Amino acid sequence: VQLQASGGGLVQAGGSLRLSCAASGSILRINNMAWYCQAPGKQRDLVAVITRDGSTKYAESVKGRFTTSRDNAKKTVYLQMSSLKPEDTAVYYCNVNIIGSDFWGQGTQVTVSS
4 VQLQASGGGL VQAGGSLRLS CAASGSILRI NNMAWYCQAP GKQRDLVAVI
54 TRDGSTKYAE SVKGRFTTSR DNAKKTVYLQ MSSLKPEDTA VYYCNVNIIG
104 SDFWGQGTQV TVSS
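Quick note: the sequence shown uses the working numbering, first residue 4, plus one each step.
As structure tokens, then:
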């Protein structure tokens with residue numbers, strides 16, 4: 004299973020970015036899909052998770068600003084990030100759960116300037 008994340012970049016505070024993460028390989032069924040972020044010197048934290056049927060949960064810090072969605076046919080998860088703040092600066096990783104095993108993408112850098 005390979006995960007390819009894209010969409011990161013440099014944006015001014017208040018701006019928006021859309022991250023994508025596509026899974027490929029021998030995949031029968033993807034359960035949860037999630038986004039994590041890791042700032043320098045900090046632990047990797049959960050940002051958002053979406054179940055196969057579309058139920059979502061978000062970290063308190065991003066509620067109302069970020070939206071996650073998925074396309075099961077394309078095996079892709081998205082993270083729409085709006086009203087970005089400098090404290091959102093981090094490497095964002097996608098994570099998928101397939102038959103009880105977790106797989107990670109390579110990470111994509113998001114930098115928000117003030």
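Every residue gets a Cβ at the ideal spot worked out from N, C-alpha and C, and that includes glycine. Only a predicted model underlies this, so the values are computations on that prediction, with no experimental measurement involved.
State yes or no: is the C-beta of residue i within less than 8 Å of the C-beta of residue j?
i	j	result
Ser72	Ser19	no
Gly108	Leu13	no
Arg47	Tyr81	no
Ala16	Lys88	yes
Could you check if residue i belongs to the surroundings of the ligand ATP, using beta carbon to heavy atom distance under 7 Å?
i	result
Val99	As far as ligands go, the structure on display features none, and thus does not contain the ligand ATP.
For residue i, does the count of other Cβ atoms within 10 angstroms reach 16, so buried, or fall short, so exposed?
i	result
Ser74	In the sequence on display, residue 74 carries Asp and not Ser. Exposed, because fewer than 16 other Cβ atoms sit within 10 Å of the Cβ of Asp74.
Asn98	buried
Leu22	buried
Under a three-way DSSP split, which group does residue i fall into?
i	result
Val4	coil
Asp91	helix
Ser58	coil
Closest to residue i by C-alpha separation, out of the options, would be which residue?
i	options	result
Gln41	Ile102, Ala93 and Thr54	Ala93
Glu90	Val50, Cys24, Asn35 and Met36	Val50
Arg55	Gly110, Pro43, Glu63 and Lys78	Lys78
Ile102	Ala26, Gln15, Gly28 and Asn34	Asn34
Val4	Gly28, Gln15, Ala16 and Cys24	Gly28
Asn100	Ala26, Arg68, Pro43 and Gly10	Ala26
Let me check one thing: in DSSP terms, what residues is residue i bridge-paired to?
i	result
Asp105	Asn100
Gln41	Val94
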